[in-house]
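Residue numbers (UniProt numbering), protein chains in the order written: chain A, 1 to 179; chain B, 1 to 186.
Let me begin by presenting the structure, written as structure tokens, before commenting on it.
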Amino acid sequence: MASEQLEQWLEKYWQGELSHVEEMQFRSELKVNKDSLSGELKSIAEWFETTENVKQELSLDDDFDAEITSKIHGSKFLTNQWSWWKVAASVLIIISLGYLAWLMPQQQDQSTLTEINNTQENPEKAFEETKATLLLMANMMNSGKDHLNSLQLFQVAQEKVQNSLKKEESKKDNSEKSI
Amino acid sequence: MPVTHHPIVMSEEIYFKNTFLSQKNKLYRFAFFFLKETDEAKDATQETLIKIWDKREEWHKVENPDAWSMQIIKNNCLDRLRKTKTVQKHQANLNFAQSTDQNPGTISIWQDQWKLLQQVLNQLSDKQKAVFILREIEGNSYQEIAESLEISEAQVKSDLFRSRKYLKETMLKINNHGIGTTRTMA
Numbered sequence: 001m002a003s004e005q006l007e008q009w010l011e012k013y014w015q016g017e018l019s020h021v022e023e024m025q026f027r028s029e030l031k032v033n034k035d036s037l038s039g040e041l042k043s044i045a046e047w048f049e050t051t052e053n054v055k056q057e058l059s060l061d062d063d064f065d066a067e068i069t070s071k072i073h074g075s076k077f078l079t080n081q082w083s084w085w086k087v088a089a090s091v092l093i094i095i096s097l098g099y100l101a102w103l104m105p106q107q108q109d110q111s112t113l114t115e116i117n118n119t120q121e122n123p124e125k126a127f128e129e130t131k132a133t134l135l136l137m138a139n140m141m142n143s144g145k146d147h148l149n150s151l152q153l154f155q156v157a158q159e160k161v162q163n164s165l166k167k168e169e170s171k172k173d174n175s176e177k178s179i
Numbered sequence: 001m002p003v004t005h006h007p008i009v010m011s012e013e014i015y016f017k018n019t020f021l022s023q024k025n026k027l028y029r030f031a032f033f034f035l036k037e038t039d040e041a042k043d044a045t046q047e048t049l050i051k052i053w054d055k056r057e058e059w060h061k062v063e064n065p066d067a068w069s070m071q072i073i074k075n076n077c078l079d080r081l082r083k084t085k086t087v088q089k090h091q092a093n094l095n096f097a098q099s100t101d102q103n104p105g106t107i108s109i110w111q112d113q114w115k116l117l118q119q120v121l122n123q124l125s126d127k128q129k130a131v132f133i134l135r136e137i138e139g140n141s142y143q144e145i146a147e148s149l150e151i152s153e154a155q156v157k158s159d160l161f162r163s164r165k166y167l168k169e170t171m172l173k174i175n176n177h178g179i180g181t182t183r184t185m186a
């Protein structure tokens, strides 16, 4: 390979203009011609050699694979266990909600009874409660009475009509008798 | 490039191993250059892979698993750096002495280049650093980098240009003045 070509590639390398394939070729040519290089080309050849070597030196052994494999097996087990916990938690929540749904109405009944008991113990409250109940009943009766009043008016009107009809009939009878 | 299959066709575990666990070294290296500690980088890689496993219900939505896993480790690293709140100023160490090439001359060159890499990385922003690692170390294409970091290809090229400018400047400085330690000792 002509050194001019290598120099051109080197310039393109510094500019970051070498394509991936060109750079592979450049590295390969420098490796082959390593002993005949000088100056900047020699430096860059040493650089490439070192980066390749670094790649080999910095590596993990097979023990690492074994560690990872055992950890992912542990993780698999934990994942399954977690799903059981999820099921158990769901069951617990359903039981708790069911229990609450059964308990709450009972507690409400008990609180109503407690209020009634409290009125027995407190005469003033009992009086107020009775007064309120009677007032409600009175209102209802008044409302009913209003309806009765309208019925009474209707009855009076009906009686008046009947009386006037009777009077006319009696007048007719008297006139016929006189004829 | 790993062989990827649709998760419905094979078991989740096999899909995870073929698609994500096979990328462990790439994830680890990325974390290492951010966190500068091997143990911290290993923890971040482990956390990332466990997170990916825990998100297995989302796998079917993921179009590019490589890019997705890179996004997760990038966020993990940034979170870790935020939590420590102190800028790690020390340099990451890498022991080349255990390398298969035991030639002292070669090892000293690598150690000098390693220092060069650290100096360049220290000058870059987190985003530029991520682009630089994915291109220079991992050899990813512009498109792959753009997808992994959720930025445009134009942005990748711009960040890479700046990073390489720092690399060139630092390289020239070292060539002119020397890095000062390793090669003279070797």
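Glycine residues also receive a C-beta, built at the ideal position from the N, C-alpha and C atoms.
CB contact below 8 Å: residue i versus chain B
i, result
"W14 (chain A)", "yes"
"L58 (chain A)", "yes"
"E4 (chain A)", "no"
"E67 (chain A)", "yes"
"K31 (chain A)", "no"
"K71 (chain A)", "yes"
"K64 (chain A)", "Looking at the sequence shown, residue 64 (chain A) is not Lys but Phe. Yes, F64 (chain A) lies at the interface with chain B (some Cβ there is under 8 Å from its Cβ)."
Beta-carbon proximity list for residue i, same chain, < 8 Å, skipping 5 on both sides
i, result
"E40 (chain A)", "L10"
Chain A within 8 Å of residue i, Cβ atoms only
i, result
"residue 215 (chain B)", "The displayed coordinates of chain B run from 1 to 186. Any statement about residue 215 (chain B) would go beyond what the structure contains."
"L21 (chain B)", "yes"
"Q113 (chain B)", "yes"
"A186 (chain B)", "In this predicted model, A186 (chain B) has a pLDDT of only 31, less than 50, meaning its place in the structure is not dependable enough to derive any value."
"T170 (chain B)", "no"
"I14 (chain B)", "no"
"K157 (chain B)", "yes"
"F32 (chain B)", "yes"
"F36 (chain B)", "A small fix is needed here, since residue 36 (chain B) is Lys in this sequence, not Phe. By this cut-off, K36 (chain B) is not an interface position."
"L160 (chain B)", "yes"
Residues near residue i in its chain [Cβ-Cβ closer than 7 Å; skip 5 each side]
i, result
"F26 (chain A)", "W9, Y13 and L18"
"Q108 (chain A)", "none"
"W53 (chain B)", "F16"
"E153 (chain B)", "Y142, Q143 and A146"
6 Å CB neighbourhood of residue i in its chain, flanking five on each side removed
i, result
"A67 (chain B)", "E147 and S148"
"K86 (chain A)", "none"
"N103 (chain B)", "none"
CB contact check: residue i to chain D, cutoff 8 Å
i, result
"K74 (chain B)", "Any reference to chain D falls outside this structure, whose protein chains are A and B."
**Request:** Could you please tell me which residues of the stretch 44-55 of chain A, in chain order, have their CB closer than 7 Å to any CB of chain B?
**Result:** Per Cβ criterion, the list reads E46, W47, T50, T51, N53, V54 and K55.
**Asked** Which runs of the alpha helix (DSSP H), 4 residues or longer, sit entirely within the UniProt domain "RNA polymerase sigma-70 region 2" (24-85) of chain B?
**Response** Listed in chain order, they are 24-35, 38-54 and 65-84.
**Segment contact flag, the stretch 55-62 of chain A with the stretch 153-173 of chain B, C-beta cutoff 8 Å, min 3 pairs** = No contact exists between the stretch 55-62 of chain A and the stretch 153-173 of chain B.
**Positions along the stretch 87-103 of chain A whose CB lies within less than 7 Å of some CB in chain B** = From the stretch 87-103 of chain A, no residue has a Cβ closer than 7 Å to chain B.
**Asked** Can you list the alpha helix (DSSP H) stretches of 4 or more residues lying completely in the stretch 16-74 of chain A, in chain order?
**Response** DSSP runs (the alpha helix (DSSP H)) wholly in the stretch 16-74 of chain A: 20-32 and 39-57.
**Message:** Output needed in chain order: residues of the stretch 127-153 of chain B with a Cβ under 8 Å from some Cβ in chain A.
**Reply:** Within the stretch 127-153 of chain B, the residues whose Cβ lies closer than 8 Å to some Cβ of chain A are E136, I137, E138, G139, S141 and Y142, listed in chain order.
**Message:** Can you confirm whether the stretch 23-43 of chain B touches the stretch 159-171 of chain A when touching is taken to mean that 3 or more C-beta pairs between the two stretches lie within less than 8 Å?
**Reply:** The stretch 159-171 of chain A and the stretch 23-43 of chain B do not touch, with fewer than 3 CB-CB distances between them shorter than 8 Å.
**Prompt:** Quick one, which residues of the stretch 45-57 of chain B are near chain A if we go by CB-CB under 8 Å, in chain order?
**Reply:** Flagged, chain order: T45, Q46, L49, I50, W53 and D54.
**Message:** Could you tell me which whole alpha helix (DSSP H) segments of length 4 or greater appear in the stretch 105-182 of chain B?
**Reply:** Listed in chain order, the alpha helix (DSSP H) elements of length 4 or more contained wholly in the stretch 105-182 of chain B are 126-132, 142-149 and 153-177.
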